[in-house]
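Peer 1:
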């Protein structure tokens with residue numbers, strides 16, 4: 114219960130404390146929310162590279178705790194690149210095509 118309950122509680126508190134979209138933190142939250150699916154898809158590829166490097170470099174378990182925040186940041190950046198480079202242009206293209214058919 115505590116294993117899942119504490120992270121869920123912290124996530125709920127964080128969501129409730131978010132600022133409106135007009136503020137910087139609100140805009141960042143909105144951006145990450147819009148890019149969340151791209152981040153979800155991109156993190157898979159980041160993890161493949163990370164696990165390959167982990168296997169090749171034989172990094173010990175103790176040092177992995179310091180690598181996790183870096184991997185999370187890289188996953189978010191890769192997701193943002195996918196969001197702005199693929200997802201948004203594709204959505205605009207599909208919206209234009211749908212507007213032409215209506």
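Residue numbers (the working numbering): 114 to 215. Ideal Cβ placement from N, Cα and C applies to all residues, glycine included.
Can you give the Cα-Cα distance for residue 185 and residue 138, rounded to whole angstroms?
Peer 2: Near 18 Å, if we compare the C-alpha coordinates of residue 138 and residue 185.
Peer 1: Given this structure, state the Cα-to-Cα distance separating residue 200 from residue 147, to the nearest angstrom.
Peer 2: Their Cα atoms are separated by approximately 10 Å.
Peer 1: Alpha carbons only, please: which of 191, 136, 130, 133 is nearest the one belonging to residue 157?
Peer 2: Among 191, 136, 130, 133, the Cα nearest to that of residue 157 is on 191.
Peer 1: Check residue 135 in the structure and name its three-state DSSP category.
Peer 2: Three-state result, residue 135: coil.
Peer 1: Measure the C-alpha to C-alpha separation of residue 153 and residue 125 and round it to an integer number of angstroms.
Peer 2: Taking the straight line from one Cα to the other gives about 19 Å.
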